[in-house]
Amino acid sequence: MKKFLKQKTPRKICVVLVDRANYGRLKPVMQAIADHPELELQIIASGTMVLERFDLPVRVVREDGFEINGEIFIELEGSTPATMAKSVGFGVVEFASEFQRLKPDIVLLIGDRYEALSAAIAAAYMNICIAHIQGGEVSGSIDESARHAISKFAHFHFPSTKRSAEYLIRMGERPETILAVGCPSSDIARCIDRSLNAEVLNSKGGGVPIDVARPYLLVLFHPTTTEFGGERRQMEELLEALRRLQMQTVLMWPNIDAGSDHISKAIRVFRTERKPSWLRTLTNLVPEDYLKVLANAACAIGNSSSFVRDAGYFGTPIVLVGNRQEGRETDRHVTQVDPVSDLIFSAIQNQLEQGRYPASTLYGDGHVSVRVAEALCQLKPYIQKRLNYIHIA
Numbered sequence: 050m051k052k053f054l055k056q057k058t059p060r061k062i063c064v065v066l067v068d069r070a071n072y073g074r075l076k077p078v079m080q081a082i083a084d085h086p087e088l089e090l091q092i093i094a095s096g097t098m099v100l101e102r103f104d105l106p107v108r109v110v111r112e113d114g115f116e117i118n119g120e121i122f123i124e125l126e127g128s129t130p131a132t133m134a135k136s137v138g139f140g141v142v143e144f145a146s147e148f149q150r151l152k153p154d155i156v157l158l159i160g161d162r163y164e165a166l167s168a169a170i171a172a173a174y175m176n177i178c179i180a181h182i183q184g185g186e187v188s189g190s191i192d193e194s195a196r197h198a199i200s201k202f203a204h205f206h207f208p209s210t211k212r213s214a215e216y217l218i219r220m221g222e223r224p225e226t227i228l229a230v231g232c233p234s235s236d237i238a239r240c241i242d243r244s245l246n247a248e249v250l251n252s253k254g255g256g257v258p259i260d261v262a263r264p265y266l267l268v269l270f271h272p273t274t275t276e277f278g279g280e281r282r283q284m285e286e287l288l289e290a291l292r293r294l295q296m297q298t299v300l301m302w303p304n305i306d307a308g309s310d311h312i313s314k315a316i317r318v319f320r321t322e323r324k325p326s327w328l329r330t331l332t333n334l335v336p337e338d339y340l341k342v343l344a345n346a347a348c349a350i351g352n353s354s355s356f357v358r359d360a361g362y363f364g365t366p367i368v369l370v371g372n373r374q375e376g377r378e379t380d381r382h383v384t385q386v387d388p389v390s391d392l393i394f395s396a397i398q399n400q401l402e403q404g405r406y407p408a409s410t411l412y413g414d415g416h417v418s419v420r421v422a423e424a425l426c427q428l429k430p431y432i433q434k435r436l437n438y439i440h441i442a
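Counted the way this note's numbering counts, the sequence shown spans residues 50 to 442.
In structure tokens form, the structure reads like this:
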């Protein structure tokens, strides 16, 4: 089955952005698509990208020079498993309307967000070819199921690691549809000036100013949706470990998944009752600034996937807390502990004593986006999938 084709007219590639992490990883791919003479970039913004409570990240996309072709609102308030499920349904309806209007040749999705799953369902049922970045990975939470479901809908795959590519093949995806290119966020990591201006942290958010000339911690803790109801206690354990350390800390607010309100409540109560003289909270950072903050942190603590994939490129020591990233491919810079304050405290101390690690290219070499754009130009879109482990007579 031949999957490559010389493209004569611009092929419309519709990139779906659903949160700040999405954009941080897709930005270099979007630029490579926009710069390619045989591709036409379309962008649909949804999820927390279009919500004011997350500092309206879609504004940053526009400021970076990209045109937004569609904005859709699908998030149902409540921060519960039921509201997440209903948001998936709203997403299918809204993405279908936008795809019908824009008529893309290929829909490009990344990762494991439930909003991306909505887009995958809509595109598949509308006979639109789907390309998926970061498939084949393993983690905890509902993300594990959503990621593999998107891979089953996808026609082409751009996994970040060789192991992920092997897992996709074992899932029945045809080898000729899989191109192990790496994670595109490594392109930004390779190119950015890592020097950090304190204004990046102190011109927004709340709490005490951060002195970037001194060591600081970065904390980002999202809910693990399969452990709904326990996330507030987990966050309280993490905050207690930080209180014992008394080290200046940049804490970013969680995503919108079920349980995020409980985590946010724990943070607000802690700030009010403890009045920490070492804590600064932030809602959002542009991709380059976030990577600078991550690159310069003495240690990062929490459960963000960026701590696994992006931090390794900088050698930043990581303490993963809980099960959200359980099973994900990690390098030497990562230590994983249960959400217990004593364990978190000890792990942070050990990582601070260890210091920085050698840079890792496990998740990309910094030259990923051009490979993705060229593949999107050359690949021949198709609709009918055939799983590799099924014999077709």
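Virtual Cβ for every residue (Gly too), placed ideally from N, Cα, C.
Here the structure is a predicted model, which is why all the values come from computation and not from measurement.
Length of the line joining the Cα atoms of Val-107 and Ile-182:
Approximately 21 Å between the Cα atoms of the pair.
Cys-63, DSSP secondary structure in three states:
It is a strand residue.
Sufficient close CB pairs (3 or more, under 8 Å) joining the region 173–188 to the region 206–219
Per the Cβ contact rule, the region 173–188 is in contact with the region 206–219 (3 or more Cβ pairs under 8 Å).
The ligand FMN and Ser-418: does any heavy atom of the ligand fall closer than 7 Å to the residue's C-beta?
As presented, the structure is devoid of all ligands, the ligand FMN included, so that no description of it is given.
Within 8 Å, do at least three Cβ pairs link the region 391–411 to the region 284–300?
Using a C-beta cut-off of 8 Å, the region 284–300 makes contact with the region 391–411, since at least three inter-stretch Cβ pairs fall below that distance.
When the distance is taken between beta carbons, is Ala-307 closer than 8 Å to Ser-128?
For Ser-128 and Ala-307, yes; Cβs fall inside 8 Å.
Identified DSSP bridge partners for His-311:
His-311 pairs with nothing; no bridge assigned.
Tell me which residues share the same chain as Pro-224 and place their Cβ nearer than 7 Å to its Cβ, disregarding the 5 neighbours each side in the sequence.
Same-chain partners within the cutoff: Ile-218.
Using three-state DSSP, classify Phe-115 as helix, strand or coil.
Per DSSP, reduced to three states, the secondary structure at Phe-115 is coil, with no helix or strand assignment.
Apply the 10 Å Cβ neighbour rule to Lys-324 and answer buried if 16 or more other Cβ atoms are within range, or exposed otherwise.
The residue is exposed, with fewer than 16 neighbouring Cβ atoms inside 10 Å.
CB Pro-233 to CB Leu-75, shorter than 8 Å?
In this structure, the beta-carbon distance from Pro-233 to Leu-75 falls below 8 Å.
Just how far apart, CA to CA, sit Ser-190 and Lys-57?
Taking the straight line from one Cα to the other gives about 43 Å.
Determine the closest residue to Asn-333 out of Val-156, Ala-165, Leu-269, Ala-344, with distance taken between C-alpha atoms.
Ranking the options by Cα distance to Asn-333, first place goes to Leu-269.
Any 3 or more C-beta pairs closer than 8 Å across the region 59–68 and the region 78–87:
The region 59–68 makes contact with the region 78–87, as at least three CB pairs between them are under 8 Å.
What are the start and end residues of each continuous alpha helix (DSSP H) run of 4 or more residues lying completely inside the region 98–174, in chain order?
Fully enclosed alpha helix (DSSP H) runs of 4 or longer: 107–112, 130–151, 163–174.
By the 10 Å Cβ neighbour count, where 16 or more other Cβ atoms means buried, how is Arg-443 classified, buried or exposed?
Lying outside 50 to 442, the shown extent of the chain, residue 443 is not represented and no answer is given.
Which residues in the same chain have their Cβ closer than 6 Å to the Cβ of Pro-264, if we skip the five residues on either side of it in sequence?
Residues Ala-347 of the same chain have their beta carbon placed closer than 6 Å to that of Pro-264, with the five preceding and five following residues left out of the count.
Note down, one range per segment and in chain order, each beta strand (DSSP E) of at least 3 residues found wholly within the region 307–370.
Taken in chain order, the complete beta strand (DSSP E) segments of 3 residues or longer contained in the region 307–370 are 328–331, 348–351, 367–370.
What residue does the beta strand (DSSP E) around Ile-179 start on, and which one ends it?
Membership of Ile-179 in the beta strand (DSSP E) is indicated by the continuous run 178–182.
Can the beta-carbon of Leu-157 be found closer than 8 Å to that of Ala-169?
In this structure, Leu-157 lies away from Ala-169, with their beta-carbon atoms at least 8 Å apart.
Return no unless some Cβ of chain C is closer than 8 Å to the Cβ of Ala-81.
Of the protein chains in the structure, only one exists, and it is not chain C.
Just how far apart, CA to CA, sit Met-79 and Asp-387?
In a straight line, the C-alpha of Met-79 is about 37 Å away from that of Asp-387.
Identify every residue that forms a DSSP beta bridge with Gly-255.
According to DSSP, which records beta bridges pairwise, Gly-255 is partnered with Thr-330.
Distance between beta carbons of Ile-259 and Arg-329, contact taken as under 8 Å
Confirmed, about 5 Å.
Just reading off the alpha helix (DSSP H) that Ile-237 is part of, what are its end residues?
Taken as a continuous stretch (DSSP letters only), the alpha helix (DSSP H) holding Ile-237 covers 234–240.
Spell out the partners DSSP gives His-85 in its beta bridges.
Beta bridge pairing from DSSP links His-85 with no other residue.
Since I believe Leu-66 is in contact with Phe-205 (beta carbons under 8 Å), could you give me their beta-carbon distance rounded to a whole number of angstroms?
Their Cβ separation, rounded to whole angstroms, is 19 Å, which puts Phe-205 and Leu-66 out of contact at 8 Å.
Helix, strand or coil for Phe-202? Go by DSSP, reduced to three states.
In the structure shown, Phe-202 sits in a helix (DSSP, three-state: H, G or I).
Looking at Trp-327: is its Cβ nearer than 8 Å to the Cβ of Gln-374?
No, the pair does not count as a contact, with Cβ atoms beyond the cut-off.
Is Gly-254 closer than 8 Å to Leu-331 when the C-beta atoms are compared?
For Leu-331 and Gly-254, yes; Cβs fall inside 8 Å.
Check for me: the beta strand (DSSP E) holding Leu-436 runs from which residue to which?
Per DSSP, Leu-436 belongs to no beta strand (DSSP E) and is neither H nor E.
Quick check: Glu-139 and Ala-173, are their CB atoms within less than 8 Å of each other?
A small correction: the amino acid at residue 139 is Phe; Glu does not occupy that position in the sequence shown. Result no, Cβ atoms of Phe-139 and Ala-173 do not sit closer than 8 Å.
Could you tell me which residues DSSP pairs with Pro-207 in its beta bridges?
Residue identity check: residue 207 is Phe in the sequence provided, not Pro. In the DSSP secondary-structure assignment, Phe-207 is bridged to Ile-182.
As assigned by DSSP and simplified to three states, the class of Ile-92
Residue state, collapsed to three classes: strand.
Does the beta-carbon distance from Tyr-431 to Gly-361 come in below 8 Å?
Taking C-beta atoms as the reference points, Tyr-431 and Gly-361 fail to come closer than 8 Å.
With DSSP run on the structure shown, which of helix, strand or coil describes Thr-298?
DSSP places Thr-298 in strand when its eight states are reduced to three.
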